[in-house]
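Report on the structure given below.
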Amino acid sequence: MLADSLLLCSITVNVFLGEETVKYTMRPKGNYFFGCPVNETEDISFLLYTRFNPRVSHRLYLDDDESLTKSYINKSQSTVVYIHGFTEKASGLSASVIRDAYLDRGFYNVILVDWNALAAFPWYFAAVQNCQVVGSYLARFLDYLDSKGFALTNVHVVGFSLGAEVAGFTGQHLRAGMGPRLPRITGLDPAYPLFKHHNVKLRLSKGDAIFVDVIHTDGGVLGIPSRIGHADFFPNGGRPVQPGCDVASIFFRASFEDLVFCSHKRSWKYYAESINDEFGFPAYRCRNWMDFRIGHCSSVSGTTYMGIATRTSASGKYFLQTNPNPPFAKKRDNSVEFR
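Quick note on numbering: the sequence shown equals residues -18 to -1, 1 to 321 in mature numbering (1 follows the signal peptide of the UniProt record, and there is no 0).
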């Protein structure tokens, strides 16, 4: 029986779902009664990319000095950590696009966290539980880098969907005394199913980093609809259907993935575009989407940019509109002073 059980743990099938191929497993991995055993070293990978190795990753390991010294990681450069979402992998679309955008922008240490084995289809409930496992392991890894001179103060963690929740747990494990140690976490439409509770210790919140900014695009469906960070951005109201995601717009390319996840994925697509168009997404602080639509919000109430250029002093709820197709940025209104 044990042999049969472990055999099921090793069976995987690749399934094409819209834009990407996802891995289907016969049994989930996780620390529960029917979960397959978790091996952090095997199931969680830290893949480094730099301008010297933009396409071929160099895998880094916790407490492994040799993997560091043989890599192109640079102490003088900012480190960006990106965490993918449910069913995704580090070689998937969101991770690849964001990696390429940063390396086009400049010299960065880009580390992609691959936890696909713990976020495999169709076991969403297991992936939710595994967020804490990955967050804890990533925190230990970042602590290790910090001990080797790669300052934690120079790290920006970005996560999409479940990856945003992983980022939150990472920040919680890195807290020192009464305050957070991570400088910044950017949550890209943090996952909502099974995270609807209000316990901030069980989801991403503004206490997980010195500055937490959040982009909401599928609020109330796959993404958390409410403000949870220091600065929360609600492009096009932050809810489905995002411009360009309506059935009429995607009819000729429609798939299950397009219909269900289009608005959710807009969060990482907006952020990726902002990396090399940092002033493309001007946003206004406002009470709600309706007030923004009828013109009650102006530079007097506060302005900033959504994405990479968000000022870390920003606080509150921000609204903006985007284009339905790339480029999504509507650019700035030159009559308004942004800062």
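In this text, a Cβ means the ideal position worked out from N, Cα and C, and glycines have one as well.
Quick one: what does DSSP say residue i is sitting in, helix, strand or coil?
i, result
"threonine 294", "coil"
"leucine 134", "helix"
"phenylalanine 123", "helix"
"aspartate 86", "helix"
"alanine 108", "helix"
"lysine 313", "coil"
"isoleucine 65", "strand"
"lysine 251", "helix"
"histidine 40", "strand"
"glycine 161", "strand"
"asparagine 307", "coil"
"alanine 99", "helix"
"lysine 57", "coil"
"leucine 302", "strand"
"valine 20", "coil"
"lysine 183", "helix"
"glutamate 147", "helix"
"phenylalanine 48", "Here residue 48 is glutamate; the residue named in the question, phenylalanine, does not match the sequence. Glutamate 48: helix per DSSP, three-state reduction."
"glycine 277", "coil"
"serine 73", "coil"
"lysine 188", "helix"
"phenylalanine 243", "helix"
"valine 318", "With a pLDDT of 47 at valine 318, under the threshold of 50, the modelled position of this residue cannot be trusted; read the value that follows with caution. Of the three classes helix, strand and coil, the one that applies to valine 318 here is coil, per DSSP."
"glycine 12", "coil"
"cysteine 227", "coil"
"aspartate 25", "helix"
"aspartate 128", "helix"
"arginine 81", "helix"
Can you check whether the CB of residue j is closer than 8 angstroms to the CB of residue i?
i, j, result
"valine 196", "phenylalanine 215", "yes"
"leucine 94", "alanine 72", "yes"
"tyrosine 31", "arginine 81", "yes"
"threonine 7", "tryptophan 105", "yes"
"threonine 168", "alanine 121", "no"
"arginine 248", "glutamine 224", "yes"
"alanine 296", "glutamate 260", "no"
"isoleucine 65", "valine 148", "yes"
"leucine 170", "alanine 146", "yes"
"glycine 150", "leucine 186", "yes"
"arginine 33", "phenylalanine 89", "yes"
"cysteine 268", "phenylalanine 243", "no"
"serine 118", "histidine 155", "yes"
"leucine 100", "valine 115", "yes"
"asparagine 35", "tyrosine 14", "no"
"aspartate 45", "asparagine 258", "no"
"asparagine 98", "glycine 12", "no"
"leucine 21", "asparagine 56", "According to the sequence shown, residue 21 is asparagine rather than leucine. The answer is no: Cβ separation not under 8 angstroms."
Which residues share a DSSP beta bridge with residue i?
i, result
"histidine 155", "Note: histidine 155 sits in no beta bridge, so no partner."
"asparagine 35", "Thr32"
"valine 139", "Val63 and Ile167"
"glycine 205", "Ala173 and Gly201"
"isoleucine 93", "Leu30 and Val63"
"arginine 221", "Partner(s): none; arginine 221 has no beta bridge."
"aspartate 214", "Val196 and Lys299"
"proline 264", "Tyr287"
Within 10 Å of its beta-carbon, does residue i have 16 or more other beta-carbons around it, so buried, or fewer, so exposed?
i, result
"proline 309", "exposed"
"aspartate 25", "buried"
"proline 10", "buried"
"alanine 158", "exposed"
"histidine 179", "exposed"
"aspartate 47", "exposed"
"alanine 133", "exposed"
"methionine 288", "buried"
"lysine 313", "exposed"
"aspartate 96", "buried"
"threonine 61", "buried"
"alanine 311", "buried"
"tyrosine 174", "buried"
"alanine 102", "buried"
"serine 256", "buried"
"phenylalanine 263", "buried"
"valine 229", "exposed"
Could you round the C-beta distance between residue i and residue j to whole angstroms and report it? I think they count as a contact, below 8 angstroms.
i, j, result
"proline 162", "histidine 138", "Going by Cβ atoms, the distance from proline 162 to histidine 138 rounds to 13 angstroms, so no, they are not a contact pair."
"asparagine 181", "glutamine 303", "With 8 angstroms as the limit, asparagine 181 and glutamine 303 do not qualify as a contact, their Cβ atoms being about 33 angstroms apart."
"histidine 246", "serine 143", "7 angstroms"
"threonine 286", "alanine 265", "6 angstroms"
"phenylalanine 193", "threonine 51", "32 angstroms between Cβ atoms; not a contact."
"proline 306", "glycine 226", "3 angstroms"
"histidine 212", "lysine 251", "In fact, because the Cβ distance is near 23 angstroms, the residues do not count as touching under 8 angstroms."
"serine 49", "arginine 41", "7 angstroms"
"glycine 298", "glycine 284", "7 angstroms"
State yes or no: is the C-beta of residue i nearer than 7 angstroms to some heavy atom of the ligand MN?
i, result
"valine 62", "With respect to small molecules bound, the structure shown includes none, and the ligand MN cannot be examined in it."
I'd like to know whether the C-beta of residue i is nearer than 8 angstroms to at least one C-beta of chain B.
i, result
"histidine 179", "Of the chains in the structure shown, none is chain B; there is only one protein chain."
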